[in-house]
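So the structure is just underneath, and the comments pick up after that.
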Amino acid sequence: MILGNLIAITQTSMKRMLAYSSIGQIGYVIIGIIVGDSNGGYASMITYMLFYISMNLGTFACIVSFGLRTGTDNIRDYAGLYTKDPFLALSLALCLLSLGGLPPLA
């Protein structure tokens, strides 16, 4: 779990960063499998995966949309996104904050 997230921090591409982060998040699913059904592990795992997949798809949709408009997915190119496309910037921000676990969005 930790290694995937540490590698994600060093990336300059948004797609690669999310891909390595997803690898790190698989550890939480494995914890649900290990716990089993005794403490609701399977239900927690399925709930987590449903929310994680929906927010990850939303984030990837924003990244692909940005990439189609600009031709790049470098993290530095996202600077000033709100002035260029406010809707895309807010959508991406909500999805990333949800992936980060911000309480009202998580």
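Residue 1303, in the numbering used here, is where the sequence shown stops; the numbers in between run on with no holes. Virtual Cβ for every residue (Gly too), placed ideally from N, Cα, C. Keep in mind it's a predicted model, so treat the numbers as computed, not measured.
- Residue pairing by DSSP places residue 1271 opposite 1210 in a beta bridge.
- Setting aside the 5 residues that flank it on each side, residue 1217 is surrounded in the same chain by 1201, 1202, 1204, 1205 and 1208, each with a C-beta closer than 8 Å to its C-beta; the list follows chain order.
- For residue 1295, the number of other beta carbons within 10 angstroms of its own is at least 16, and it is reported as buried.
- Counting along the chain, no alpha helix (DSSP H) covers residue 1235, and no H or E run does either.
- When DSSP states are grouped into helix, strand and coil, residue 1300 belongs to the coil group.
- The beta carbon of residue 1219 lies closer than 7 Å to those of 1253 in the same chain, with the five residues before and after it left out.
- Counting the other CB atoms within 10 Å of its CB gives residue 1280 a total below 16, which places it among the exposed residues.
- Here residue 1277 carries a coil assignment [DSSP, helix/strand/coil].
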